[in-house]
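First comes the structure, then the notes that go with it.
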Amino acid sequence: MNLGEKLCRLRTERGIYLKELAAELHLSISAVSSYENGVHSPDIKTLEKFARFYNVSADYLLGRTECMIPIEDLEKELVGQYTVANFMNTVLELSPARRQDVANYINLLKAAEGEGKK
Numbered sequence: 701m702n703l704g705e706k707l708c709r710l711r712t713e714r715g716i717y718l719k720e721l722a723a724e725l726h727l728s729i730s731a732v733s734s735y736e737n738g739v740h741s742p743d744i745k746t747l748e749k750f751a752r753f754y755n756v757s758a759d760y761l762l763g764r765t766e767c768m769i770p771i772e773d774l775e776k777e778l779v780g781q782y783t784v785a786n787f788m789n790t791v792l793e794l795s796p797a798r799r800q801d802v803a804n805y806i807n808l809l810k811a812a813e814g815e816g817k818k
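Under our numbering, the residues of the sequence shown are numbered 701 to 818, in order.
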């Protein structure tokens, strides 16, 4: 998925009209449309506006990663002194088998939480 497709998908998933987005970002409707259609590419400042508005990383928008989380969110505290980055680094230090165990446990917790909401 290219930059324009991602911008369009993010906007439509959030139910935002082109006109609303353009007003929010102080851009013309035609500029936003041209970015979404891949006719033009946004400059760095405009790319940053999109990333902040959608709360995703610029690397995600540029296709460098599938991780949508903005870099500043890596420092968010999750539990005690552990941040998102701490958890990610800890998981990366594990063997592939242990990583699979972590993934399985997370899926189990998500399923249990989903059952509790019913």
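Note that the Cβ used here is the ideal one computed from N, Cα and C, for glycine as well.
Around the CB of VAL732, 16 or more other CB atoms lie within 10 Å, so the residue is classed as buried. THR783 and ALA797 have their C-alpha atoms roughly 23 Å apart. TYR735 and ALA723 have their C-alpha atoms roughly 15 Å apart. For GLU766, the three-state secondary structure derived from DSSP is coil. Ranked by Cα distance from LEU747, the options GLY738, ALA803 and LEU762 are led by LEU762. Your pair ARG709 and LEU721 does not check out as a contact, with CB atoms roughly 13 Å apart and the cut at 8 Å.
Our two residues, ILE716 and LYS817, have alpha carbons roughly 28 Å apart in a direct line. Counting along the chain, no alpha helix (DSSP H) covers LEU774, and no H or E run does either. Here the alpha carbons of ILE769 and MET701 stand approximately 17 Å from one another.
With fewer than 16 other Cβ atoms from the protein chains shown falling within 10 Å of its own Cβ, LEU794 counts as exposed.
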